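Once you know that position 944 of the sequence shown is 943 in this note's numbering, the rest is easy, because the numbers rise by one and skip nothing.
C-beta: ideal position from N, C-alpha, C; glycine also.
On a predicted model such as this, the values are computed, not experimentally measured, just so you know.
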Amino acid sequence: MIRKITLTLLACLGILSSSVAQQVYPICGSAQLNNKLMQTDPIYANKINSFNAEVQAWMLRKNNLSSLVTTVNGKRVYEIPVVVHVMKPTTASSGTAYDPSDADIQGFITYLSEAFQASYSGHLLEANGGKRMPMVFKLAQRDPSCAATTGIVRVNMSGNASYAANGISSGTPAPGLADATLKANSIWPNTEYYNIWLVYKIDGINRANATGSFTAGYAYFNGAGASVDGTVMLTDEITDPFAGAPYSTITHELGHAFNLYHVFEGDDHPTTPPLTAPHCPSPTDPTATDFCADTEPMKRSLFNCPAEGSNTCVTGGAYNGTQHNHMDYSSPTCRDRFTSDQRDRIFSALMDAGSSRASLISSLGATAIGTTSTACAFSPTPTTGNNNGPRGINLFDNTGDTVIMAVYTNGGYSGDGNRVYVDRSCQHRAELEIGKTYQMAVNVGSGAENTVVYIDYNQDGTFSSSEAIYTATGSGTRTLQTFTIPTTGVVSCAPLRMRVVSGTTTILPCATTGTFSGQAEDYEVTIKGSGVAGNTPGLVTLNFPTLGNPSCFNTSNTVSANYSSAITPVWWKWYKKSSTGVVTTCGTCATTDTLWTSSAWGNLDTVWARVAYPGICGTDTTNSDSVVMYRPTTIPPAVTIGQTVGTNPGCPDDVLQFSVVSNVNPGSPTPPYKWYVNNVLQTGFTGSFIDFPTGLPNNAQVKVVMKSLSPAPCVNPLADTAISNIITYTYGTKTPSFNIALTTGTNPGCAGQTLTFSAVNITTGGTSPVFEWYVNGTLQTGVTGPTLTGVFVNNAIITAKMTSSSSCALPAQVSNTGTNPKVVHTLLTADVTITQLSGGNPACAGHPVVFQASPTNAGTAPTYEWMVNNVPVPGATGTVFSTSTLLNGDFVSVVLVATDPCVANPRDTSNKISMLITPSIVPSVTFSITKGNNPGCLDSLLEFTAVATNAGTNPNYDWFVNSFGPILNGPVYSTYNLLNNDFVVVRANQTDGGCYLPDTVFSAPLIAVRSLTPDPPFISLLGNMLVTDKGGAFVWFGPAGQVTGGEDGNYHPNELGPYYAVTNNNGCWSKPSNTLTITLLDVNSYSIEQPKLYPNPTTGQIVLDWGHRVNMKLSVHNAIGQKLMEDNVSGASRKTIDLSSLSNGVYFVAATDEKGNTTTARVTLSR
């Protein structure tokens, strides 16, 4: 439950001790809202009362049913789309006190998921008894209009004086903007999103100005009106979380959102005489309950963590962990768990068909926008004034317990804004499986309607009568009908359309003419094939750390994983999350490593693995369970042993084994052990087990001493050994037993053959049991061993007795158990039949087709001759035959060569299978760049578009970067995130079931060339030459666009107009330089002889060398064209210029000949 604390309690706080009364701590405001609605809203009250009654009835009988939670746990993780509305009191930017950053918001959403999944490192983990709910809360990725979004909406409320001063009013006579008024400023449909509002203050108070208890948040139960449903929470619960327990308020409030009450429900109900302080809930008050039998009656905690045994509301004082419940008022670091019954209530709320919570199951709000399905138009002329059409769509699994889709926002034609067709395929998706059976009902209004539901199984954009899955007539709430997804003719792993058509008359699902009094609605469906779905729990499990847990700080320890035979891993990735929430990956682990060894584990690090494997629709992934590493500085060693072979009590001569079953701080996978029996050291046994092939004395006591090899301070050198528990081995009595089995020969079989019968499965026979063998009741004299060999008459019955030599056998002699063998003489008929295991018939040319032979009476090690068109296939002599070379009309058979001597027909020919072979098409796929450039800049857009050839209709495309993926599905892939030398590949596969060889093809890779964006140059006009202020490669632009030349930074303009340059870093261009406009061109050539310059760079002097005598005027300019020096060359071939008076930098030397032609050269001065 959730309850705003009452005025009675607030008054009560005044009589508490000053240390408690003055403590600033958050409380919950939901109970008051719930109580008010229960009193004022009959519809809401009926929903809540009906829900509580139905859940209680289900929980009473659930031990005799398949538990809903168990069913859900094994199948899927439910994704809850969340939108967070940040109601800003000022215009301050993101990341300030009352406008948290995106990272802060993502952090508390991640925490919320981990709290519900019992995987947050500071909580009671599932492995330690925490109750996991397979629910994940995710920020929305598409908004109600199906545009991309971050799931965070920031609203500037500074213009509302009431809110800017006091925040929101929770409904009590308190200051602030009314609850519904504030939410009207920003709210998304509660049938597709769960709304969370982060507010500045509640009732004029936040943590910053609170002097005592304050309302940190409140939430509405499932069933509240769409205009207010959701959670309100103070922003400083995120920006200033409690140390060691961040975001604890949101877990509490979301518990209420899924119909959990406070565990102390009823501690403030009226009593006689009246009590002002919290009191024990009355056992006679039917409303003083949280409806969960596994929480103890209690008074609310006052932001503390009560000790176990101090509960004054139950005899003996037991809380049984209830003081640690998320739904108490204990301190944030104290609250760390839900209970089993609370989990049942949460899932009952989620599965409450017809409610907004159940509608979230099929919502696509948290799914990124991807490939969509298409369908034929539906546009008949609507009958005006009608309100016929779907009013609620409920789709369940075959048990009727698990909701697949529950949409109830449908309003019919007029209720949906006079729309005869509504496309909801971007809002809701049902996920189904091939061959599975489901239950469905479509509810309508009060008038009789004809309703048909179709799924476009073959993705051709139309709906045929064979694709109808539901047909109903009548009015109101309909009964459930079943339908089964066909195993053929279905396009899997791709978006399909489901169309619901309902009205007073029957109409075609693609009608574009005629009149219709009703409505059609479209939804998205995906159908998965057989296999294992992604994120299925239990596929990958972690082992206990090799060197124990806890293990010492700075010592090496290994976490390893096992995986189910249902999957074949493609790659592994290991993660750990520190106690402060920082997630890192294993930098030394290969993608094939099933273990992680490290000495850098931190205390309370949470470790898990993520594994990719071929799944239902391409590559799926799943997370393992997690291990929390405990890393103290010093750990006392400990060891425990168990009996691993033999029984206890046992017999004196039993074979026994005792082993180490667990240890703590061994310091090595193989620490030294000393084994003792009755305190006597057993020499030669230093390993983790000890065997006793001939048993032990009665009442023998076995123990082991382990020496830890850990260095100090991991182990105290004065206490580095551990003594195990003691196992006392005692004698008892056992009943011997054995069976008889044929071990040589064939039965039934030929007359005259030698048969051997043996005593098998002998128990408590001792070391030398004695046998008596009987044939038709006659004792076989002299045969006292465990076998009987001979030639027996037809119908001979074989029996035996065993006298045990074990001293604990009781009785000492027993007859064989099980069926008495009977010898039967007969001639056998060998027979063989073949079946096709895979490949189909018709089969695709070039694809493997597999056949299997099933023999009868073939004897031991028979041989086979496989035939195609009665011609033996070389080398095909096994029971299984695989071929990919069959032609149309070929037939396959096999000849069995039996080895049983009693068969009348040593060779037998099987049935024939005639094959139809369809020619295969060879597909290919290529892609090209449709937006952006390669080479190009880091963080710039590249868009690739793929085209598959000979891949059929609607091929599927998957994109991979550096072999990881698929990272996107669809023919177009756009990204800003490629790095230099990343390689991009697209994979295409057919989806129409046709014959292709191969079915899946890959494109050639494209290597991304991405470079850092360089700084723009600064250009100057020196004489008649444009020059840049730096070295490098450049591209010039003139009046007519890009020009050639000038790559070294010097360009001679040849026409009037504006010029600029960009720096070219391996295809990545900088922003443009400054622009210079040329207004006058000299008629002379712009190109004269360039002198040699050396040294360049220079520390001071620079030499210009023409190699012959010249007459030149010289000038030196800085990077922005200012003239700094002048000089002349008269009849000389060489000139030295002294630049030592200038500061370090880039300069330009201009040389002008007698005709006025100029050349420039860049010089770098560096001292």
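> Using the rule of at least 16 other Cβ atoms within 10 Å of the residue's Cβ for burial, across every protein chain shown, is H1107 buried or exposed?
Replying inline: It counts as exposed.
>> Classify F791: buried if its beta carbon has 16 or more other beta carbons within 10 angstroms, exposed otherwise.
In response: Result: buried.
> Which whole-angstrom value is the C-beta distance of V822 and L754, which I expect to be below 8 Å?
Replying inline: V822 to L754, Cβ: 7 Å. Contact.
> Name the DSSP bridge partner or partners of H1116?
Replying inline: H1116 is bridged to K1122 and F1147.
> Ends of the alpha helix (DSSP H) at Q700?
Replying inline: Not the alpha helix (DSSP H): Q700 falls in the beta strand (DSSP E), residues A699 to K706.
>> Short of 7 Å in beta carbon distance, which residues of its chain neighbour G364, apart from the five on each side in sequence? Order them along the chain.
In response: So the qualifying residues of the chain are P80, A139, R141, E191 and Y192.
> Near N647, what residues of its chain come up, given a Cβ to Cβ distance below 6 Å and the 5 sequence neighbours on each side ignored?
Replying inline: The residues are Y728.
> Closest by CA to I912, which one among V849, G969 and D340?
Replying inline: Taking each of V849, G969 and D340 in turn and checking the Cα distance to I912, the smallest one comes out for V849.
> What residues match up with M326 in a beta bridge as DSSP calls it?
Replying inline: Answer is none; M326 lacks a bridge partner.
> Smallest Cα separation from V626: which of V676, Y1093, V558 and A471?
Replying inline: Looking only at V676, Y1093, V558 and A471, the smallest Cα-Cα distance to V626 is reached by V558.
> When you compare only the Cα positions, how much space is there between Y1093 and V1148?
Replying inline: In this structure, the CA atom of Y1093 is about 12 Å from the CA atom of V1148.
>> Measuring only from the beta carbon, is R390 closer than 6 Å to any heavy atom that is part of the ligand GDP?
In response: With respect to the ligand GDP, the structure shown offers nothing to examine, as it has no ligands at all.
>> Going by C-alpha to C-alpha distance, which of C588, P954 and V606 sits closest to S577?
In response: S577 has its Cα closest to that of V606, out of C588, P954 and V606.
> Whose C-alpha, out of G1045, P670, N1073 and N1063, is nearest the C-alpha of P1057?
Replying inline: When each option's Cα is compared against that of P1057, the closest is N1073.
> Taking just the CA atoms, how far does N910 sit from T882?
Replying inline: Each residue's alpha carbon lies about 18 Å from the other.
>> Taking the alpha-carbon of W772 as reference, which of N738, L431, T238 and S413 has the nearest alpha-carbon?
In response: When each option's Cα is compared against that of W772, the closest is N738.
> Which first and last residues belong to the alpha helix (DSSP H) in which H261 is found?
Replying inline: From DSSP, H261 is part of no alpha helix (DSSP H); its letter is neither H nor E.
> What is the residue span of the beta strand (DSSP E) that L594 lies within?
Replying inline: Element bounds for L594: L594 to S597.
> Which term fits K458, buried or exposed, when burial requires 16 or more other beta carbons within 10 angstroms of its beta carbon?
Replying inline: Note on residue identity: the sequence assigns Gln, not Lys, to residue 458. Buried is the label assigned to Q458, since at least 16 other Cβ atoms lie within 10 Å of its Cβ.
> Along the chain, where does the alpha helix (DSSP H) that runs through H255 open and close?
Replying inline: Under the DSSP assignment, H255 falls in the alpha helix (DSSP H) whose first and last residues are S247 to A256.
>> On the DSSP letters alone, give me the boundaries of the beta strand (DSSP E) that T238 sits inside.
In response: Taken as a continuous stretch (DSSP letters only), T238 belongs to no beta strand (DSSP E), being part of the alpha helix (DSSP H) at D235 to T238.
> If you draw a straight line from the alpha carbon of D327 to that of F263, how long is it in whole angstroms?
Replying inline: Roughly 7 Å separates the two Cα atoms.
> If you count every other CB in all the chains shown that lies within 10 Å of the CB of L67, and 16 or more means buried, which is it?
Replying inline: Unreliable placement is indicated for L67, whose pLDDT of 31 sits below 50; the coordinate value is still reported in the next sentence. Buried, because 16 or more other Cβ atoms sit within 10 Å of the Cβ of L67.
> Do you know offhand how far V1168's Cα is from D455's?
Replying inline: Look at the range of the chain in this structure, 0 to 1166, and you will see that residue 1168 is not part of it.
> Straight-line CA distance for Y246 to L495?
Replying inline: Between Y246 and L495, the C-alpha separation is close to 39 Å.
> Does the Cβ of K575 have 16 or more other Cβ atoms within 10 Å, making it buried, or fewer, making it exposed?
Replying inline: Looking at its Cβ environment, which holds 16 or more other Cβ atoms inside 10 Å, K575 is buried.
>> Measuring straight from C-alpha to C-alpha, what distance separates S281 and C312?
In response: Distance between the alpha carbons of S281 and C312: 10 Å.
>> For the beta strand (DSSP E) containing E113, name the first residue and the last one.
In response: Counting along the chain, E113 falls outside any beta strand (DSSP E), though it belongs to the alpha helix (DSSP H) covering D101 to F115.
> Which whole-angstrom value describes the C-beta separation of Y672 and T685, a residue pair presumed to lie in contact below a C-beta threshold of 8 Å?
Replying inline: Going by Cβ atoms, the distance from Y672 to T685 rounds to 6 Å, so yes, they are a contact pair.
>> Under 8 Å, with one C-beta from each stretch per pair, do the region 811–822 and the region 845–864 reach the 3-pair mark?
In response: With a cut-off of 8 Å, the region 845–864 and the region 811–822 do not count as touching, because too few Cβ pairs lie within range.
>> In the DSSP assignment, the beta strand (DSSP E) including N165 goes from what residue to what residue?
In response: N165 -> not in any beta strand (DSSP E); alpha helix (DSSP H) instead, spanning A160 to N165.
> Contact between the region 254–263 and the region 334–351: three or more CB pairs below 8 Å?
Replying inline: The count of Cβ pairs closer than 8 Å, one atom from the region 254–263 and one from the region 334–351, reaches three, so the stretches are in contact.
> By Cβ distance, which residues of its chain are closer than 7 Å to T250, with the 5 residues on each side in sequence left out?
Replying inline: Result list for T250: L111, A114 and H325, in chain order.
>> With the cut-off set at 7 Å, would you say C901 and L827 are in Cβ contact?
In response: Contact flag set, yes.
>> Does I495 come out as helix, strand or coil in the three-state DSSP assignment?
In response: Checking the displayed sequence, the identity of residue 495 turns out to be Leu instead of Ile. Residue state, collapsed to three classes: strand.
> Alpha carbon to alpha carbon, how far is G229 from Y562?
Replying inline: If you take the alpha carbons of G229 and Y562, they lie about 40 Å apart.
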